[in-house]
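As structure tokens, the structure follows; a few thoughts come after it.
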Amino acid sequence: MGIKSEEYVDTHRFRVPPRPITDIFTSKDTAIDRSKCTRTVPMRVLVLGVGRTGTVSMRDALKRLGYDDTYHMMSASVENPPDCIMWQRAFEAKYDGIGQFGRKEWDSLLGHCQAVCDWPAICFAKELIEAYPEAKVILTTRNVDTWHASVMKTGYWRAKDPELKIASYFDWGAGLYYPMLTMFFETFFEDDFPNKGKEVFVEHYKEIRNLVPKNNLLEFSVSEGWSPLCEFLGEPMPLNEPFPHANNADSFVKRCRARNRAQLCNAAFRYALIALCIYIAYWFLGCVMMY
Numbered sequence: 006m007g008i009k010s011e012e013y014v015d016t017h018r019f020r021v022p023p024r025p026i027t028d029i030f031t032s033k034d035t036a037i038d039r040s041k042c043t044r045t046v047p048m049r050v051l052v053l054g055v056g057r058t059g060t061v062s063m064r065d066a067l068k069r070l071g072y073d074d075t076y077h078m079m080s081a082s083v084e085n086p087p088d089c090i091m092w093q094r095a096f097e098a099k100y101d102g103i104g105q106f107g108r109k110e111w112d113s114l115l116g117h118c119q120a121v122c123d124w125p126a127i128c129f130a131k132e133l134i135e136a137y138p139e140a141k142v143i144l145t146t147r148n149v150d151t152w153h154a155s156v157m158k159t160g161y162w163r164a165k166d167p168e169l170k171i172a173s174y175f176d177w178g179a180g181l182y183y184p185m186l187t188m189f190f191e192t193f194f195e196d197d198f199p200n201k202g203k204e205v206f207v208e209h210y211k212e213i214r215n216l217v218p219k220n221n222l223l224e225f226s227v228s229e230g231w232s233p234l235c236e237f238l239g240e241p242m243p244l245n246e247p248f249p250h251a252n253n254a255d256s257f258v259k260r261c262r263a264r265n266r267a268q269l270c271n272a273a274f275r276y277a278l279i280a281l282c283i284y285i286a287y288w289f290l291g292c293v294m295m296y
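Structure, rendered in structure tokens:
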């Protein structure tokens, strides 16, 4: 009896491709297939403010408080690119009604994490709140106008970055990340971030406030520092340690461009190696035919 079409999609379309051994310029990337993982630590904190509201700083802060690991977009984009495949499955389940993505799947994808923040996770705020009702919820905040301007220069720029698109045709990591990134902007922001971004921002924050009881919700600006965060989580404040502030727009763009270059170097090295092997084979064949 043949495999059902839905099973075929799961086992073939969403199969994790092997990482090329020639990817020497992004050698720190891992290739873990999260679909085969289970939860190993409890999910304790859901940070559901949108990206560019201090989520990198929040990730650093939570990890310093012992919430290890804390999931962030960078967990998929630069640390373990195969995660992007599971995120695409989650998008299709929510927005297209294809397949299912429930507690079991969240435990597979996020089972190594005690906290989660940033996009794409915030697209699934309702689903994560339902999956982990025991988790505390933090809503990172920022002025909507300065936030929108920041995303235009960072996340939205990245989604439209022609260099990343080119790299996605040739590089393993970029080929996994780019489709997920574009899927995020097409679904959550209805494929029109410049005009609809602010409206989606406002509606998202309204939804979180309606979903989460006030005693389990902290609205937090990273400019407030350690005190309200530690009080809400019941954690001791770090002594003589400033609250982290990271990932401004300039550093974001600089890091992304460096990533592009590394991924394009992976492709160049791989094709140069293939060309060298062909040349050696041709030379060897010529020598054999001479004798």
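For the sequence shown, the working numbering begins at 6 and goes up steadily by one.
We put the beta carbon where it would ideally sit given N, CA and C, even for glycine.
Please determine, among S40, C89, Y72 and E204, the residue with the shortest C-alpha to C-alpha distance to V46.
-> Y72
Identify, in the order they occur along the chain, each residue of the same chain with its Cβ nearer than 7 Å to the Cβ of R264, setting aside the five sequence neighbours on each side.
-> V83
Counting only the same chain and skipping the five closest in sequence on each side, list residues whose C-beta sits under 7 Å from that of A254.
-> S155, K158 and T159
In angstroms with no decimal places, state the Cα-to-Cα distance between S232 and L216.
-> 25 Å
Any idea what DSSP makes of E224, helix, strand or coil?
-> strand
Leaving out five residues before and five after S228 in sequence, what residues of the same chain have Cβ atoms less than 6 Å from its Cβ?
-> none
Where the alpha helix (DSSP H) containing I171 begins and where it ends | P167 to F175
Buried versus exposed, by CB contacts within 10 Å (16 or more), P87 = buried
Near K203, which residues of its chain fall below 6 Å by C-beta distance, leaving aside the five closest residues on each side in sequence?
-> V149 and H153
Nearest-angstrom Cα separation, counted from L244 out to D176 = 43 Å
What first and last residue would you give for the beta strand (DSSP E) that runs through L67?
-> Where L67 is concerned, there is no enclosing beta strand (DSSP E), although the alpha helix (DSSP H) it sits in stretches over T60 to R69.
Got a sec? Which residues, its chain only, sit under 7 Å from L115 by beta carbon, not counting five neighbours each side?
-> M48, Y76 and V121
Please name the residue in C292, L169 and Q119 whose C-alpha comes closest to that of A267.
-> L169
Quick check: the region 171-186 against the region 270-286, are there 3 or more CB pairs under 8 Å?
-> yes
Report all residues from its chain with a CB closer than 7 Å to the CB of P25; omit the five preceding and five following residues, and keep chain order.
-> W177 and R275
Measure the alpha-carbon distance for F248 versus L67 and round it to whole angstroms.
-> 10 Å
6 Å CB neighbourhood of R163 in its chain, flanking five on each side removed | C261
Check T159 in the structure and name its three-state DSSP category.
-> coil
Given K131, which residues of its chain have a CB within under 8 Å of its CB, disregarding the five upstream and five downstream residues?
-> E212 and L216
Candidates P167, R64, N200 and V205, of which the one nearest T187 by Cα | P167
With DSSP run on the structure shown, which of helix, strand or coil describes A251?
-> coil
Please work out which residues of its chain come closer than 8 Å, Cβ to Cβ, to E97, disregarding the five sequence neighbours upstream and downstream, and give them in chain order.
-> I103 and G104
How far does the beta strand (DSSP E) with F90 in it reach, from first residue to last?
-> The identity of residue 90 in the sequence shown is Ile, whereas the question assumes Phe. I90 -> not in any beta strand (DSSP E); alpha helix (DSSP H) instead, spanning D88 to F96.
Among the residues of its own chain, which have a CB less than 7 Å from the CB of M79, if the five just before and after it don't count?
-> none
Identified DSSP bridge partners for S141 | Reading off the sequence, residue 141 comes out as Lys, not Ser. Answer by DSSP bridge pairing, in chain order: V50.
Whose C-beta lies closer than 8 Å to the C-beta of C292 among residues of the same chain, with five residues either side of it excluded?
-> none
Determine the burial state of K9: buried for a count of at least 16 other Cβ atoms within 10 Å of its Cβ, exposed for fewer.
-> At K9 the pLDDT is 36, less than 50, meaning the model places this residue with poor confidence; the figure from the coordinates comes in the next sentence. Exposed: under 16 other Cβ atoms inside 10 Å.
Is it the case that the Cβ atoms of V205 and F190 are separated by a distance below 7 Å?
-> no
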